[in-house]
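Residue numbers (the working numbering), protein chains in the order written: chain A, -14 to 147; chain B, 2 to 103.
First comes the structure, then the notes that go with it.
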C-alpha cells in the first residue's frame, strides 16, 4: 500500500514540477509549484516525518508561495491581460539536465547504500525539539539571528527611497 | 532496487527540473520558483536518508528544518531585490539587469 501511494505521489510530483518549468503563464507556474510542495509534504508523511510535513505546508505553502505570488503581482503591469514568461536555451538546458539526471541515476543505482528501515518514528516533534535545544543548539541560535537579520535587511531593501 | 533508491531518483528528477527552470527562464520570479524546487529535492533526500539509515536519531529532520528556514530567508531577500530591480529598470528580466549602479 505505501508503494502504491508513493508511486502516485511521485508521478504527480514530477508532473507538476514539469508544469512549473513549461507553463507559459507565471501564475500557472506558481499554482503548479503549490501542488508540487503539497505532494512533497505527502512524501514526508510517507517517510514518517509528520512534523516536517506540517512545517512544509505552513512555511512553504502558507508563506513562501504567498510571497512569490506577491512578487508576481507587484512586478507585472496589470493592464496586460496575461503574465507571459518565455523560455530560452531550451534544447541545451534540456540536454544538460537529462545528462545530469542520467548520471545521478547511474550513481544512485550503483552506490552501496546503508538500507535499513528504521521503522515508525513516534513523536518526532518531541525528539526534534529535544535535539534542537541540546545537540544542535548553536546552529539553531545562529539561524535565528540570520533570520532576524534577513527580515530587517529585506524590509530595508524593499523600502521606498526618499 | 530498494525504496531508498526510488526516493533518491524522485528527488534527483525534481532537482533536474528545478535546474532546467533556472536555466531556461528569464523572469526573476520564475527563477526563484526553480530554486525552491531544488531546495525541496535536497529536503526529500535528507529525510529519506534519515528514515533508511537504521538508527533512530532525527538529525536529518533537523537539517531539513534548517533548510526550510534558509529557503524562507532566501525567498524574502530575493523578492525584496526583485521589487527593487523592478523599481529601477522597469522589468524583472534578468538579462536587462546589466549595470551595477541603480
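Just so it is clear, CB atoms sit at the ideal spot from N, CA and C, and this is done for glycine as well.
Please read these numbers as outputs of a predicted model, since none were measured by experiment.
### Task
Determine the direct distance from the alpha carbon of residue 68/B to that of residue 60/A, and round the result to whole angstroms.
The sequence position of residue 60/A within the first chain is 75, counting from 1. The sequence position of residue 68/B within the second chain is 67, counting from 1. Approximately 27 Å, taken between the alpha carbons.
### Query
To the nearest whole angstrom, what separates the beta carbons of residue 42/B and residue 90/A, a pair I think is in contact under 8 Å?
Against the second chain, residue 42/B aligns to sequence position 41. Against the first chain, residue 90/A aligns to sequence position 105. Not quite, the Cβ-Cβ distance comes to about 14 Å (not below 8 Å), so this is no contact.
### Query
Out of curiosity, what's the CA-to-CA distance linking residue 135/A and residue -14/A?
Numbered from its first residue, the first chain carries residue 135/A at position 150. Numbered from its first residue, the first chain carries residue -14/A at position 1. About 43 Å.
### Message
At the level of alpha carbons, what is the spacing between residue 70/B and residue 24/B?
### Response
Taking the first residue of the second chain as position 1, residue 70/B is located at position 69. Taking the first residue of the second chain as position 1, residue 24/B is located at position 23. Cα to Cα, residue 70/B sits roughly 25 Å from residue 24/B.
### alpha helix (DSSP H) runs contained entirely in the segment 94 to 120 of chain A, provided each spans 4 or more residues
109 to 118
### Message
Closest to residue 72/B by C-alpha separation, out of 49/A, 55/A, -7/A, 39/A, would be which residue?
### Response
In the second chain, counting from the first residue as 1, residue 72/B sits at position 71. Comparing Cα positions, the closest option is 49/A.
### Task
Quick one: list the residues of chain A neighbouring residue 101/B, beta-carbon separation under 9 Å, in chain order.
For the purposes of this step, residue 101/B is taken as the residue at position 100 of the second chain. Neighbours of residue 101/B on chain A: none; closest Cβ ~15 Å, over 9 Å.
#### Entry: Cβ-based burial, residue 82/A [other Cβ within 10 Å; buried from 16]
In the first chain, the residue the question calls residue 82/A occupies position 97. The residue is buried, with at least 16 neighbouring Cβ atoms inside 10 Å.
### Message
Output needed for residue 83/B: all residues of its chain with C-beta closer than 8 Å, excluding positions within five of it in sequence on either side, in chain order.
### Response
What you label residue 83/B is simply residue 82 of the second chain in a count that begins at 1. These residues qualify, in order along the chain: 29, 30, 33, 93.
### Message
Please report the distance separating the alpha-carbon of residue -3/A from that of residue 86/A.
### Response
For the purposes of this step, residue -3/A is taken as the residue at position 12 of the first chain. For the purposes of this step, residue 86/A is taken as the residue at position 101 of the first chain. If I take the Cα positions, the gap works out to 18 Å.
### Query
Going by the beta-carbon positions, is the gap between residue 131/A and residue 56/B smaller than 8 Å?
Counting from 1 along the first chain, the entry for residue 131/A is found at position 146. Counting from 1 along the second chain, the entry for residue 56/B is found at position 55. Against a cut-off of 8 Å, the Cβ pair of residue 56/B and residue 131/A comes out as no contact.
### Query
Going by other Cβ atoms of all chains shown within 10 Å of its Cβ, with 16 needed for buried, is residue 129/A buried or exposed?
Sequence index remark: in the first chain, residue 129/A carries index 144 (1-based). When all chains shown are included, residue 129/A counts as exposed.
### Task
Mind checking who residue 89/B pairs with in its DSSP beta bridge?
Working through the second chain from its first residue, we reach residue 89/B at position 88. Partner(s): none; residue 89/B has no beta bridge.
### Message
Taking 8 Å as the threshold (beta carbon to beta carbon), is residue 84/B in contact with chain A?
### Response
Within the second chain, the letter at position 83 stands for residue 84/B. Flagged as an interface residue toward chain A: residue 84/B, by a C-beta distance shorter than 8 Å.
### Task
Output the distance between the C-alpha atoms of residue 54/A and residue 58/B, rounded to the nearest integer angstrom.
Locating residue 54/A in the first chain gives position 69, where the first residue counts as 1. Locating residue 58/B in the second chain gives position 57, where the first residue counts as 1. Distance between the alpha carbons of residue 54/A and residue 58/B is about 37 Å.
### Task
Can you grab the Cα-Cα spacing for the pair residue 43/A / residue 99/B, in whole Å?
Position 58 of the first chain holds residue 43/A. Position 98 of the second chain holds residue 99/B. Each residue's Cα considered, the two are about 36 Å apart.
### Task
Closer than 7 Å by beta-carbon distance: list the chain B residues that pair up with residue 35/A, in chain order.
The residue you call residue 35/A lines up with position 50 of the first chain. Per Cβ cutoff of 7 Å: no residues; residue 35/A is ~10 Å from chain B at best.
#### Entry: Extent of the continuous alpha helix (DSSP H) to which residue 38/A belongs
Residue mapping note: residue 38/A aligns to position 53 of the first chain, counting from 1. 35 to 40 is the span of the alpha helix (DSSP H), which, as asked, contains residue 38/A.
### Message
Just checking: is the beta-carbon of residue 119/A within a distance shorter than 8 Å of some beta-carbon in chain B?
### Response
Taking the first chain and counting its residues from 1, one reaches residue 119/A at position 134. No, no contact with chain B.
### Message
Between residue 29/A and residue 37/A, how many whole angstroms is the CB-CB distance? I'm expecting something under 8 Å.
### Response
Residue numbering aside, residue 29/A sits at position 44 when the first chain is read from its first letter. Residue numbering aside, residue 37/A sits at position 52 when the first chain is read from its first letter. At roughly 5 Å, the Cβ-Cβ gap stays under 8 Å, so residue 29/A and residue 37/A are in contact.
### Inter-residue spacing [alpha-carbon to alpha-carbon] between residue 4/B and residue 133/A
On the second chain, residue 4/B is found 3 positions in, with the first residue counted as 1. On the first chain, residue 133/A is found 148 positions in, with the first residue counted as 1. A direct Cα-Cα distance of roughly 39 Å separates residue 4/B from residue 133/A.
### Task
Just tell me which of 50/B, 97/B, 21/B, 96/B has its CA closest to the CA of residue 98/A.
Residue mapping note: residue 98/A aligns to position 113 of the first chain, counting from 1. Of the candidates 50/B, 97/B, 21/B, 96/B, the one whose C-alpha sits nearest the C-alpha of residue 98/A is 50/B.
### Query
Taking Cβ positions only, does residue 41/B come closer than 8 Å to chain A?
Taking the first residue of the second chain as 1, we reach residue 41/B at position 40. Judged by the 8 Å Cβ criterion, residue 41/B is in contact with chain A.
### Message
Counting only Cβ pairs nearer than 9 Å, list the residues of chain A close to residue 105/B.
### Response
Since the displayed chain B opens at 2 and closes at 103, residue 105/B lies outside it and no answer follows.
### Task
Compute the Euclidean distance between the alpha carbons of residue 97/B and residue -7/A, then round it to the nearest angstrom.
For the purposes of this step, residue 97/B is identified with residue 96 of the second chain, where counting begins at 1. For the purposes of this step, residue -7/A is identified with residue 8 of the first chain, where counting begins at 1. Going from the Cα of residue 97/B to the Cα of residue -7/A covers about 41 Å.
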